[in-house]
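In the numbering used here, the protein residues as written are 11 to 777.
Report on the following structure.
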């Protein structure tokens, strides 16, 4: 009776807490949202004149007035806690004009990142979001004129948005999830039934992932070489999802609205996570930080589970996963390079290693082979969906393992598991592979970096860098020639603990053959392959000679770009070797000796990763990246994935260009979906060129008759819509996937359900 009453009280308490969370989330909804628009006439100005007739009207200033630091300002407006969108509409003849934000009670949340921000002369609208975490009085936007050219301020608008409410909703959903998981775990006595060892493992995994995420506990983002590009990818996915595109193929707002097909060439399914967080209203850098934390935890958990499946030792698996997660090369990918695709792919490397081991092992259990195949399918699918280059590297080493273990491959049907696994990976990823292959075979797009094959050996790591045990975590990767002029070389090492494991393993178990045969063989193979990966990462590996063997080797090597990428493979192999070493120690040493070695490895692993993270936090530059307005597309990407021959400077043309005899009006571009009214009074075909890059999949149609219009490749690879004689009416242009692409999506979706069903059946059946 008492237990029933207690259970009812717990349920009532749970419901009360959940109701309070829902009320808290709902309280952030604002019915009467602020919406103020200041025309040029409303602005407070120290110079210039207001004109109704000049370029649509506005507050005007030019060089005859001289420089005016505070040329114009909005009246002070009081902002409640919440999120707002600020839109400045202007015309600028030259670059150099800026704006700043201020308030009567200035704080970092007002001025941070909003002091002397440039107004681009090639655009006429500057839009940015602000997150007010407290009430702010007298908020103002000030316009600064540098004295060159003319500047016309048409309007400045401040609009309160629902992003603050969305953030509360997501927080509330996450809190409800945690509370319900905690309640169910307690109800099932899951936590109480955990062994002491498992509690240590769980706490250690949390601590390891937390240590790897410490640099994220900042108001900024540490600058990464490729980070701006990937942040723009997140913004692009967010904008595409908001416009109703799924799966995302063309990110519509790149290049001043011309669109960008990075989602076709660069798998980004995992970037949907931060993109969806952005849709709820969080700042871009917050969404990205959450993603990095998620990947750190995922990498730690996946690596632990895979190593445990291989080694049958919780502590060996735990320490091996810790060494991998805190390896300097992986941390450098996150915080120095900002290589989102590569460090995400590294989360799936353990699945490939464990999958190959379980398939190739001497175990007579078919269940192990099936489990290994499942790991391989998950691992290669994950790598393929985030980093093609990593897929190429892991594919090479997988093929090499199969060659080295060729006798095992043909025993007990292992070759069937490998072939069926490869087929499953192909079918599961058809939704991505069909568009990727389709666009690649067209040959219209720049995919491999120009001269990449010629540069790869000179841009590999110097051998001495592998032994840089306490590196400074900053700098860039330079070629052999460039290194003479640049002393700050980016660290390229797996870390002293993983490198040291090679020598410890050789001394301790290289000739130990009595017991633990499987771990010894696995460790030896991991070290041998790691030696190869380390060699391939250096300037000593003959990349240049191999690239001259033929067109295919040249293409594959050119796609790799940098030999030091092989350090990612070396890191997982050496972490696996460390796990093997510790599992052998566990079975052959006394209790106190084992504990001492475990503690030593943990201390050294944390010291190695901690030193690296400390160097990052004390030496790296920082950036604010709260939305697209704080990123510059011109600085972050080459001409990859856009049609060859495209002039990047042509993206400044933001309006349609009509052919002879064509008249247009009412042009609208809503995230890549264009509507425009045109007329062709000539007796022959005419055309209108739209500010959209011509990717396969765009269609044009006359809205009144539903008539399909022909699209051709126009000037600078823009979409050119052909208009028949006498045409009058509205045209809509948008991206629609070809039928074959949709068919690939359906097949992949069906394959997911079939594989899940088959795996459940096999895992719950007797071997």
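Where a beta carbon is used, it is the ideal one built from N, C-alpha and C, also for glycine.
Checklist entry - What residues are listed by DSSP as bridge partners for residue 198? => result None, per the DSSP bridge assignment.
Next on the checklist: Tell me which residue opens and which closes the alpha helix (DSSP H) that residue 687 is part of.
Outcome noted: Residue 687 -> not in any alpha helix (DSSP H); beta strand (DSSP E) instead, spanning 683-690.
Next on the checklist: Determine whether the beta carbon atoms of residue 480 and residue 621 lie at a separation below 8 Å.
Outcome noted: It is a contact, given that the beta carbons lie within the stated cut-off.
Checklist entry - Near residue 299, which residues of its chain fall below 7 Å by C-beta distance, leaving aside the five closest residues on each side in sequence? => result The beta carbon of residue 299 sits closer than 7 Å to those of 226, all from its chain and outside the five residues before and after it, given in chain order.
Item to check | Which listed residue (380, 386 and 454) has its alpha carbon closest to that of residue 423 | outcome: Closest by alpha carbon: 380.
Checklist entry - How many angstroms separate the CA atom of residue 115 from the CA atom of residue 147? => result Straight-line Cα distance between these residues: approximately 6 Å.
Checklist entry - Using the rule of at least 16 other Cβ atoms within 10 Å of the residue's Cβ for burial, across every protein chain shown, is residue 693 buried or exposed? => result Looking at its Cβ environment, which holds fewer than 16 other Cβ atoms inside 10 Å, residue 693 is exposed.
Item to check | Sequence-distant residues of the same chain with beta carbon closer than 7 Å to residue 186, five excluded per side | outcome: Once the five neighbours on either side are set aside, the close Cβ partners of residue 186 are 28 and 31.
Checklist entry - Where does residue 278 land, buried or exposed, given buried means 16+ other C-beta within 10 angstroms? => result So residue 278 ends up on the buried side.
Next on the checklist: Taking 8 Å as the cut-off, does the region 195-207 touch the region 131-145 (at least 3 CB pairs, one atom from each stretch)?
Outcome noted: Look at the beta carbons and you see the region 131-145 not touching the region 195-207: under three pairs across the two are nearer than 8 Å.
Next on the checklist: Taking 6 Å as the limit between beta carbons, can you name the residues of its chain near residue 502, skipping five residues before and five after?
Outcome noted: Closer than 6 Å at the Cβ level, and outside the excluded window around residue 502, lie 471, 475 and 574.
Checklist entry - If you draw a straight line from the C-alpha of residue 177 to the C-alpha of residue 292, how long is it? => result Answer to the nearest angstrom: the Cα atoms are 6 Å apart.
Checklist entry - Taking the alpha carbon of residue 733 as the point to measure from, which residue in 669, 745, 209 and 484 has its own alpha carbon closest? => result Of 669, 745, 209 and 484, the smallest CA-CA separation from residue 733 is found for 669.
Item to check | Those residues which DSSP pairs with residue 718 across a bridge | outcome: DSSP output for residue 718 lists 711 as bridge partner(s).
Checklist entry - Is the region 245-263 touching the region 673-681, taking contact as three or more C-beta pairs under 8 Å? => result Contact holds: three or more Cβ-Cβ distances are below 8 Å.
Next on the checklist: For the alpha helix (DSSP H) containing residue 164, name the first residue and the last one.
Outcome noted: Not the alpha helix (DSSP H): residue 164 falls in the beta strand (DSSP E), residues 161-170.
Next on the checklist: Measuring only the C-alpha atoms, how far is residue 309 from residue 633?
Outcome noted: In this structure, the alpha-carbon of residue 309 lies about 26 Å from that of residue 633.
Item to check | Cβ contact check for the region 231-239 and the region 339-353: 3 or more pairs under 8 Å | outcome: As far as the Cβ criterion goes, the region 231-239 touches the region 339-353, which means the pair count is three or higher.
Item to check | Burial state of residue 460 (16 or more Cβ within 10 Å) | outcome: Any reading at residue 460 needs caution, since the residue's pLDDT is 47, under 50, leaving its predicted position unreliable; the model's value is listed next. Using a 10 angstroms sphere on the CB of residue 460, the tally of other CB atoms stays under 16, which defines it as exposed.
Next on the checklist: Suppose the cutoff is 6 Å on Cβ atoms and the five residues either side in sequence are ignored; what does the same chain contact list for residue 395 look like?
Outcome noted: Around residue 395: 277 and 279.
Next on the checklist: Here's the rule I'm using: 16 or more other beta-carbon atoms within 10 Å means buried, otherwise exposed. How should residue 420 be labelled?
Outcome noted: Taking all protein chains shown into account, residue 420 has fewer than 16 neighbouring C-beta atoms within 10 Å of its C-beta and is therefore exposed.
Next on the checklist: For residue 270, which residues in the same chain have their Cβ closer than 6 Å to its Cβ, ignoring the five residues on either side in sequence?
Outcome noted: Excluding residues within five positions, the ones whose Cβ falls inside 6 Å are 261 and 264.
Item to check | For residue 47, three-class secondary structure by DSSP | outcome: Three-state result, residue 47: strand.
Next on the checklist: Taking its Cβ as the centre, do 16 or more other Cβ atoms sit within 10 Å of residue 759, making it buried, or is it exposed?
Outcome noted: Burial call: exposed.
Checklist entry - Whose CA, out of 469, 193 and 466, lies closest to the CA of residue 23? => result Checked all of 469, 193 and 466; the closest Cα to residue 23 is 193.
Checklist entry - Closest to residue 82 by CA distance: which of 164, 66, 103 and 89 is it? => result Per the C-alpha coordinates, the member of 164, 66, 103 and 89 positioned closest to residue 82 is 164.
Checklist entry - Between residue 218 and residue 332, is the Cβ-Cβ spacing less than 8 Å? => result In contact: residue 218 and residue 332 (Cβ atoms closer than 8 Å).
Next on the checklist: Residues in the same chain with beta-carbon distance under 8 Å from residue 752, minus the five sequence neighbours each way, listed in chain order, please.
Outcome noted: Counting only Cβ-Cβ distances below 8 Å, and skipping sequence neighbours, we find nothing.
Checklist entry - For residue 158, which three-state DSSP category applies? => result Here residue 158 sits in coil by DSSP.
Checklist entry - In chain order, which alpha helix (DSSP H) runs of at least 4 residues are fully inside the region 272-343? => result Taking only runs of at least 4 residues, the alpha helix (DSSP H) segments lying wholly in the region 272-343 are 272-275, 282-289, 294-321 and 324-335.
Checklist entry - How is the beta strand (DSSP E) around residue 81 delimited, first residue to last? => result Per DSSP, residue 81 belongs to the beta strand (DSSP E) from 78-83.
Checklist entry - Which of the three DSSP states, helix, strand or coil, is assigned to residue 778? => result Outside the shown range of the chain (11 to 777) lies residue 778, about which nothing can therefore be said.
Item to check | Which residues DSSP lists as bridging residue 55, in chain order | outcome: The partner list for residue 55 (beta bridge, DSSP) reads 82.
Next on the checklist: With distance defined between alpha-carbon atoms, name the residue in 121, 511, 550 and 151 nearest to residue 468.
Outcome noted: It is 550.
Checklist entry - So what does DSSP say about residue 508, is it helix, strand or coil? => result Note: residue 508 maps to helix in three-state DSSP.
Checklist entry - Is the region 307-323 touching the region 353-368 in the sense that three or more CB pairs, one from each, lie closer than 8 Å? => result In short, these stretches touch, since the Cβ pair count reaches three.
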